[in-house]
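Notes follow the structure.
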Amino acid sequence: MAFDEKLAAVEEQWTEVDHFFSDSLIAPDSVLESALESSHTAGLPAIAVSPNQGKLLEILAQILDARSILEIGTLGGYSTIWLARGMRPGGRLITLEADATHAEVARGNIARAGLQTVVEVRLGNALETLPQISAEDRDPFDLIFIDADKKNIPAYFEWALKLSRPGSIIVVDNVVRKGAVIDSGCDDPDIQGIRRFIEMLGRNANAGGTVIQTVGIKGYDGFAIVRVLPADKPRRA
Ligand code: SAH
Ligand code: DHB
Ligand code: MG
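Reminder that position 47 of the sequence shown reads as 47 in my numbering, one-by-one numbering, no gaps.
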């Protein structure tokens, strides 16, 4: 078998296994399904987190008993709905989106989920809306999900550190990119952004993290999970 055929067969297996787990573990949910459907109808790219990944985001919000979540990169609000559902009653989520069409589709999906009073979709380039949020003098966010353009991950991570507290969790999506992350000579700004973020994280004594590689319906990728550490208990170098 040619390499491409083998790869196609392996990817098909990843997809089937992903479906096996989501079919077995995630109850059919018309709100989430219609969020994906309306995103597709509106021409949004099919790059939302998978159902199994969405459930992980919900579980993280539940573990943290999160009262405040920040998401960078809304798309159609699919991950937003998972995250918001994991919050404690009375929790609030702010999600940042640069594209007006994406934001509008997301607002519709969030309203259909009954979360319009819980979630604020803020339209604008996150590099501009993050300083605004910082100036609003809010309580730190318990959970921050970074999932916008990959070249700006280092900047988003720096904002996330500023907008969080010891014990907050920062999740960064798409940090493996089919393994391209280890290509140090790569001139793709997205890959460079991911590499710079990993280097920053490795050097940061006030945050500790790991990366879990993933395969499944979205191919081969992975996410970083970072914990902001207490200032008096920094990580050993
Ligand atoms: N979190 C979503 C997927 C987000 S896709 C989910 O899993 O359901 C990435 C999104 O980030 C896109 O909608 C894109 O328009 C948005 N984006 C890209 N660059 C951005 C920027 N500079 N500021 C804010 N949003 C941005
Ligand atoms: C892309 C972006 C994502 O956030 C993702 O999860 C998958 C792909 C992309 O821009 O290609
Ligand atoms: Mg993503």
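The C-beta atom is built at its ideal place from N, Cα and C for all residues, glycine as well.
Predicted, not measured: the structure shown is a model, and the values here were computed from it.
State yes or no: is the C-beta of Thr41 within less than 7 Å of the C-beta of Ile217?
With respect to the 7 Å criterion, Thr41 and Ile217 are not classified as neighbours on the basis of their beta carbons.
Pull every residue with its beta-carbon under 6 Å away from any heavy atom of the ligand DHB, and keep them in chain order.
Ile47, Asp147, Asp173 and Asn174
With distances taken from CA atoms, which of Gly202, Thr80 and Ala46 is nearest Ile146?
Thr80
Could you check whether the Cβ of Glu16 sits closer than 6 Å to any heavy atom belonging to the ligand SAH?
no
Locate the alpha helix (DSSP H) running through Val118, then write down its first and last residues.
Careful: Val118 lies outside any alpha helix (DSSP H) and carries neither H nor E.
Would you list the residues sitting across from Val171 in a DSSP beta bridge?
Per DSSP, Phe145 and Ile225.
Within the same chain, show all residues whose beta-carbon is closer than 7 Å to that of Arg92, passing over the 5 residues directly before and after it, in chain order.
Ser68 and Val118
Are Arg122 and Leu96 touching if we call contact CB-CB under 7 Å?
yes
Using the Cα positions of Val49 and Trp159, report the straight-line distance between them to the nearest angstrom.
Per the coordinates, the alpha-carbon of Val49 lies some 22 Å from the alpha-carbon of Trp159.
Compare the beta carbon distance of Leu32 and Ala61 with 7 Å and say whether it is the shorter of the two.
no
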